[in-house]
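Just below is one structure, and these are the notes that go with it.
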Amino acid sequence: MSALSIKSATYGDLVAAPAHLIVEIIDGRLVTRRHLPPLHSITQSSLILELGQALNDSRGGAAAWTFLHKPELHLGAHVVVPDMAAWSRERLPSLPDTPWMPLMPDWICDVDTPSMSPEDRDRKRCIYAEHGLTQYWLLDPAEKHLDVFELGRTTCVLRQACRSDTIVPAPPFSAAPFPFSTLWPFDKPPEKATDP
């Protein structure tokens with residue numbers, strides 16, 4: 003009896019996949035997922051806007067950070083697409099001409115969605131760590147919480163769990179704390195008390 007050989011996915015397979023999907027290569031498998039639903043997308047945009055405004059002086063100084071939505075990262079044999087990533091301008095003074103980013107980000111944030119299996123999400127976090135990422139956030143818009151992890155090559159330590167109305171001063175952006183509630187722009191604001 004001969005063993006079945008499984009062909010590893012190639013970059014050509016990734017490029018040939020339907021354009022409406024986010025496509026990755028994880029451990030030789032082609033992994034596809036849909037784009038973020040509106041709640042998750044607006045939360046992601048709110049986070050990038052909040053951090054970008056706090057960290058980058060757009061009126062005169064050079065931006066300290068470069069933020070990208072869904073950059074394609076080539077990490078060894080893996081091709082991964084985190085939901086958000088940032089590079090300090092010290093490490094990334096200019097953008098590459100390639101359609102992917104050749105340099106590991108300083109920070110990655112993935113948005114937890116039903117279309118990403120827990121196994122694939124956890125495997126991606128391990129791949130990030132194996133390639134030198136230390137600051138990883140996992141944002142869950144449905145449950146309204148944010149987990150802040152510090153990664154080592156073989157470790158993953160939860161450093162902070164943000165819920166409800168907390169202020170988020172989380173690495174690598176500890177110098178730019180923000181109210182966690184700003185990530186939910188469609189929440190109804192609390193009603194003001196009226197005098198009887």
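Take any residue in the sequence shown, note its place counting from 1, add 2, and you have its number in the working numbering. In this text, a Cβ means the ideal position worked out from N, Cα and C, and glycines have one as well. Quick caveat: nothing in here was measured; it's all calculated off a predicted structure.
- In the displayed model, Ser-176 falls within coil according to three-state DSSP, outside both helix and strand.
- Rounded to the nearest angstrom, the Cβ distance from Ala-178 to Leu-53 is 6 Å, consistent with a contact under 8 Å.
- Taking all protein chains in view, the Cβ of Thr-157 is surrounded by fewer than 16 other Cβ atoms within 10 Å, so the residue is classified as exposed.
- With a minimum length of 3 residues, the unbroken runs of beta strand (DSSP E) contained wholly in the region 109–185 fall at 109–113, 137–142, 147–153, 158–165.
- Distances from the alpha-carbon of His-71 to those of Asp-142, Cys-111, Arg-123, Pro-95 put Cys-111 closest.
- In this structure, the straight-line span from the alpha carbon of Phe-188 to that of Thr-100 is close to 36 Å.
- Distance from the Cα of Ser-10 is smallest, within the candidate group Leu-160, Ser-90, Gln-137, Val-81, for Val-81.
- Going by DSSP, Ser-43 is part of the alpha helix (DSSP H) stretching over 40–57.
- Going by beta carbons, Glu-152 and Pro-173 fall inside the 9 Å limit.
- Per DSSP, Phe-188 has no beta bridge partner at all.
- In the three-state reduction of the DSSP assignment, Val-82 falls in the strand class.
- Annotation for Leu-16: the continuous alpha helix (DSSP H) segment containing it runs 13–18.
- Around Arg-165, the same chain offers His-147 as residues with beta carbons nearer than 6 Å, after the five sequence neighbours per side are excluded.
- Taking the Cβ atoms as the reference, Val-113 lies roughly 17 Å from Leu-135, outside the contact range of under 8 Å.
- If you look at Thr-68, you'll find it in the beta strand (DSSP E) that goes 67–71.
- Here the alpha carbon of Pro-84 sits roughly 10 Å from the alpha carbon of Tyr-130.
- Just so you know, the alpha carbons of Pro-39 and Arg-127 end up roughly 22 Å apart.
- As DSSP reads the structure, Trp-89 sits in a beta bridge with Thr-68.
- Note on geometry: alpha-carbon atoms of Ala-79 and Tyr-138 lie some 21 Å from one another.
- In this structure, the CA atom of Arg-123 is about 10 Å from the CA atom of Ile-28.
- With fewer than 16 other Cβ atoms from the protein chains shown falling within 10 Å of its own Cβ, Thr-34 counts as exposed.
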